[in-house]
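Some notes on the structure that comes next.
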Amino acid sequence: MNLLQIWEKVWSASCLDACAPGLAEKLGNPVPSHSVLGSISPYYVQRYEFSPDCKIVAFTGDNPASLAGMRLQEGDIAISLGTSDTLFLWIQEPTPALEGHILCNPVDSQTYMALLCFKNGSLMRERIRNECASGSWDEFSKALSSTVTGNNGNLGFYFDVMEITPEAVGIHRFNSDNQKVLNFPKEVEIRALIEGQFMAKRIHAEKLGYKVMPKTRILATGGASHNKIILQVLSDVFNAPVYTIDTANSACLGSAYRAIHGLVAETKVPLADVVKLAPEPRLAVTPTAGAEELYHPLLKRYAELEQKVIYNPTSSCLAK
1 MNLLQIWEKV WSASCLDACA PGLAEKLGNP VPSHSVLGSI SPYYVQRYEF
51 SPDCKIVAFT GDNPASLAGM RLQEGDIAIS LGTSDTLFLW IQEPTPALEG
101 HILCNPVDSQ TYMALLCFKN GSLMRERIRN ECASGSWDEF SKALSSTVTG
151 NNGNLGFYFD VMEITPEAVG IHRFNSDNQK VLNFPKEVEI RALIEGQFMA
201 KRIHAEKLGY KVMPKTRILA TGGASHNKII LQVLSDVFNA PVYTIDTANS
251 ACLGSAYRAI HGLVAETKVP LADVVKLAPE PRLAVTPTAG AEELYHPLLK
301 RYAELEQKVI YNPTSSCLAK
């Protein structure tokens, strides 16, 4: 992807020249991911008894294939809440940056997808659960529910290990006056963690050109997607409904979807129509009334405070 000019969908001559001479001829011309390249080789017909009519569809990477497997549509977000938290975004007008990745959309050649990875995911949530909720997710959820949306202005940054987006490390807590504090009450700590993780995701998604739309859906998967209290915070921060999906082997499933789509793509049939009989995601939560107005100034504050905690090699601030 680093050799491709994503706007014109052609190889970057300067990048190719930096890699090797004559590389363009070896690579061939880029084509849309749904393109049929031709029929299968006679070798596979004879050796493995493939049908000679079997068509070969252009390949894509595992992350774009996962976007197809989760059946994202324009404006959707997919978030995997695992050891690392990963966001897949369907974007119309991307603004590439040094953080995250912008790729061509594998199911719509006129749009793009963005990929963001956050290293401090479930292990960070588990550590705060152990310290503040006796290792119990039930206690964690009760504490999260007991605090008000917006956490009375208390914000936190929780990076046990060096974060990818942004490049920061350590535990940083700020009260409603933007003053750094050493500790929060346990229930405030829990909400600061969850709200902070999701606000960071929205802020950095929007830096790449993502915009929440009226039809936006958040498709959540991974361990934390089973916790509706956590999903409620996610829904409130993004002001969008959250759905849960079963996405085991989503890249493999997406490749199968793309193969089917490739056979009909020339007729302009969208992928959504091709896979319309697949199981629909399940609605988990919807935004709380008034949450959007509350989070709007908090998102601005969080983005400003984030600049104060960006990693500085001379800083002695380390994770607890």
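Quick note on numbering: full-length UniProt numbering labels position 218 of the sequence shown as 218, and the sequence is numbered without any gaps.
Positions of the beta carbon are idealized from the N, C-alpha and C atoms, including for glycine.
Beta-carbon contacts of residue i that lie in its chain and below 6 Å, excluding the five residues immediately before and after
i, result
"ASP76", "TRP90, ARG217"
"THR60", "SER33, PRO106"
"MET199", "VAL237, LEU299, TYR302"
Residue i burial status per 10 Å Cβ neighbour count (16 or more: buried)
i, result
"CYS19", "exposed"
"MET162", "exposed"
"LYS300", "exposed"
"GLU131", "exposed"
"CYS104", "buried"
"SER14", "exposed"
"GLY153", "exposed"
"ALA289", "exposed"
"VAL188", "buried"
"LEU318", "Because the pLDDT at LEU318 is just 46, under 50, the model does not fix this residue reliably, and the value given afterwards should be weighed accordingly. LEU318 should be labelled exposed."
First and last residue of the uninterrupted beta strand (DSSP E) at residue i
i, result
"TYR158", "155-159"
"TYR112", "112-118"
"VAL36", "36-39"
"PHE174", "170-174"
"ASP85", "85-91"
Residue i beta carbon near the ligand GTP (any heavy atom closer than 8 Å)
i, result
"ASN29", "This structure lacks the ligand GTP, and indeed carries no ligand of any kind."
Assumed close pair residue i, residue j - CB separation to whole angstroms, cut-off 8 Å
i, j, result
"LEU27", "GLY150", "With a Cβ gap of about 51 Å, LEU27 and GLY150 do not count as contacting."
"GLY223", "LEU81", "6 Å"
"ILE194", "LEU116", "That belief does not hold up - the Cβ atoms of ILE194 and LEU116 are roughly 18 Å apart, past 8 Å."
The alpha helix (DSSP H) enclosing residue i, as first and last residue numbers
i, result
"VAL188", "186-207"
"ASP246", "First-last for ASP246: undefined, no H or E at that position."
"PHE140", "137-146"
"ASP273", "271-274"
"HIS296", "291-309"
Reference residue i; option with closest CA among the options
i, options, result
"ALA272", "THR147, ALA133, ARG258, LEU193", "ARG258"
"GLU280", "VAL242, THR111, ASP160, PHE159", "VAL242"
"ALA205", "GLU93, SER12, GLY22", "GLU93"
"PHE174", "HIS101, GLY156, ALA24", "GLY156"
"ALA278", "CYS104, LEU253, THR221", "LEU253"
"LEU234", "GLU25, ALA291, ASN152, HIS172", "ALA291"
"GLY196", "THR165, GLN73, ALA68", "THR165"
"TYR311", "GLN5, PHE50, PHE159, SER14", "PHE159"
"THR267", "PRO21, SER35, SER12", "SER35"
"ASP62", "ASN120, VAL10, LYS9, MET113", "MET113"
"ASN183", "ASP177, SER176, HIS172", "HIS172"
Beta-carbon proximity list for residue i, same chain, < 8 Å, skipping 5 on both sides
i, result
"SER39", "PRO52, ASP53, CYS54, LYS55, ILE56"
Own chain partners of residue i with C-beta closer than 7 Å, once the 5 adjacent residues on each side are dropped
i, result
"LEU231", "ALA220, SER225, VAL242, ALA284, VAL285"
"LEU16", "LEU3, LEU23, ALA24"
"PHE140", "ARG129, ALA133, ILE190"
"GLY69", "THR247, SER250, ALA251, LEU253, GLY254, TYR257"
"GLY121", "LEU81, GLY82, THR83, SER84, ASP85"
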